[in-house]
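There are 2 protein chains.
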Amino acid sequence: MKLAEAKSEFIQAWGTLGSKWGINRTMAQLHALLFVSPEPMSTEDMMEALNISRGNVNMNIRELMDWGLVEKKHKPGDRKEYFWAEKDIWKVTKQVAKERKKRELEPIMKVLEQVSEVEGDKKDKNIKAFVESINAIRRMASNADKTLDTMVKAEENWFFGGILKLFK
Amino acid sequence: MKLAEAKSEFIQAWGTLGSKWGINRTMAQLHALLFVSPEPMSTEDMMEALNISRGNVNMNIRELMDWGLVEKKHKPGDRKEYFWAEKDIWKVTKQVAKERKKRELEPIMKVLEQVSEVEGDKKDKNIKAFVESINAIRRMASNADKTLDTMVKAEENWFFGGILKLFK
DNA sequence: CTAAACTTTCAAAAAGTCTTGAAAGTTTAA
DNA sequence: TTAAACTTTCAAGACTTTTTGAAAGTTTAG
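Chains as they are written, first to last, in this note's numbering: chain P, 1 to 168; chain E, 169 to 336.
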């Protein structure tokens, strides 16, 4: 397999993976494209590489910047904007964890808190069972929350090697 | 908030969360519905509770069974099939982790292995950079893989309490 | 200024995903 | 058997998400 082909395979696979995790395929592909590009790329470079429109590149690259995965770069003496992706996969993972925690874990925890305050006789079998189910999810979510916090603060070494020994 | 309303809020929120993680909203709602139902439910019960068609219930409940999150139950002297969801949230989490590992981690690892075998001069700067990026992802994925394995084998206690102390 | 170079927006179209419901299939009681 | 009760399938339609591309907006060099 040639380099160009290998890159393209990787970009496709990353796009497919992303779409299974609720991330727009093009956004994941753009991320993969920049991730394996040694140089920052311009909008036109990306349009050409993925065969997509200017508007599509613009919207998805902006979302990648919102996620903190891509940055604008300027080349001296060039009016075009270039885009660069973080290359340290551990930083990327932490950033994604941080964002998903903020965007998805925190909102659901609010709902869980509210519904756990259901009114009525706390001894009613049905209410008791419901509240207990919800509280089990809340404990789980709260642990996930703390674990993600720890992960975000942790050094690469925590994950790459360190953690596994603890389970042996 | 009354019990019925609280259940409905929870079901909605679970559906929304699911859809952000690439899980069909109805499937997530059905799961939530059964998760908070003390009794197994029939197809008709579910159709009525979520206001959806028979075909929709059938397809999504089958997928939930594929994921190992829902089981058929039979009531003695009743021809209808009833469906029951695992109530232990730790078991649910482990099961989802196990399935996603099989469905998503393993396929991407195959692709990564292939593309890392790109042909050409191993000293070429471009090839070297690409292979190194891919290998960083492979190391990450392989660690995630092992961590999930460990998690699937672990007792509830590992996650609920045990792990956090290790980071203090 | 002005015009060229570049970026952003967003309504409409395309593509993708989910749902319906009626027909086909299966099981069971009698 | 038969027919009623129940489940499954899947083509067509509904809905959702993504993409396009042209127009509007912005920036900069001269």
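Built from N, CA and C at the ideal position, the CB exists for glycine as well. In this text the structure is predicted, and so the values were computed from the model without any measurement.
Could you say which of P:V118, P:D66, P:I61 and P:M109 lies nearest to P:M27 if we only look at CA atoms?
Closest option to P:M27, Cα to Cα, is P:I61.
Considering only C-alpha positions, which residue in the set P:E86, P:K101 and P:R54 is nearest to P:P40?
Among P:E86, P:K101 and P:R54, the Cα nearest to that of P:P40 is on P:E86.
Between P:T93 and E:Y250, what straight-line distance do the alpha-carbon atoms span, to the nearest angstrom?
Distance between the alpha carbons of P:T93 and E:Y250 is about 41 Å.
With the cut-off set at 9 Å, would you say P:A154 and P:I108 are in Cβ contact?
Against a cut-off of 9 Å, the Cβ pair of P:I108 and P:A154 comes out as no contact.
Within 9 Å (strictly less), CB to CB, does P:N157 reach chain E?
Chain E, which has no Cβ nearer than 9 Å to the Cβ of P:N157, makes this no.
Once you ignore the five residues that flank E:I179 on each side, which residues in its own chain have a CB closer than 7 Å to its CB?
Once the five neighbours on either side are set aside, the close Cβ partners of E:I179 are Q197, A200 and L201.
Please report how far the alpha carbon of P:G77 lies from the alpha carbon of P:L17, in whole angstroms.
The alpha-carbon atoms of P:G77 and P:L17 are separated by roughly 38 Å.
Using three-state DSSP, classify E:W350 as helix, strand or coil.
What is shown of chain E runs 169 to 336, which leaves residue 350 of chain E out entirely.
Quick one: give me the first and last residue of the alpha helix (DSSP H) that E:K296 is part of.
It spans K293 to K321 - the alpha helix (DSSP H) in which E:K296 sits, taken as one unbroken run.
Under 9 Å between the Cβ atoms of P:S116 and P:R138?
Yes, Cβ-Cβ distance for P:S116 and P:R138 is below 9 Å.
What residues of chain P sit near E:N192, judged by a beta carbon separation below 8 Å?
Ordered by position in chain P, no residue passes the 8 Å Cβ test against E:N192, which lies about 11 Å from the chain.
Under 9 Å between the Cβ atoms of P:K98 and P:G68?
Yes, the Cβ-Cβ distance between P:K98 and P:G68 is below 9 Å.
Between which two residues does the alpha helix (DSSP H) containing P:K98 stretch?
Where P:K98 is concerned, the enclosing alpha helix (DSSP H) stretches over I89 to R100.
Taking C-beta to C-beta, are E:E324 and E:W258 nearer than 9 Å?
Going by C-beta atoms, E:E324 is nearer than 9 Å to E:W258.
Quick check on the DSSP output: the alpha helix (DSSP H) that includes P:E71 runs from which residue to which?
No alpha helix (DSSP H) holds P:E71; the beta strand (DSSP E) holding it covers V70 to H74.
Check for me: the alpha helix (DSSP H) holding E:F178 runs from which residue to which?
Segment L171 to K188, the alpha helix (DSSP H) holding E:F178.
Quick one: using the 10 Å Cβ neighbour count with 16 as the cut-off for buried, is E:S301 buried or exposed?
E:S301 is buried by the Cβ-count criterion.
Between E:H242, E:G190 and E:E173, which lies nearest to E:R271 when the distance is taken from Cα to Cα?
Comparing Cα positions, the closest option is E:G190.
Smallest Cα separation from P:M59: which of P:V152, P:A129, P:R25 and P:D121?
Residue P:R25 is the option with its Cα nearest to P:M59.
What residues of chain P sit near E:L171, judged by a beta carbon separation below 7 Å?
Chain P residues near E:L171: V118, G120, N126, I127 and F130.
Give the straight-line distance between the Cα atoms of E:V225 and P:M47, rounded to the nearest whole angstrom.
Each residue's alpha carbon lies about 41 Å from the other.
Relative to the alpha-carbon of E:A217, which residue among E:L316, E:D292, E:D317 and E:E173 has its alpha-carbon at the smallest distance?
E:A217 has its Cα closest to that of E:E173, out of E:L316, E:D292, E:D317 and E:E173.
Does any C-beta atom of chain E lie closer than 9 Å to the C-beta of P:L112?
Interface residue, yes.
Taking 6 Å as the limit between beta carbons, can you name the residues of its chain near P:F35, skipping five residues before and five after?
Counting only Cβ-Cβ distances below 6 Å, and skipping sequence neighbours, we find A85.
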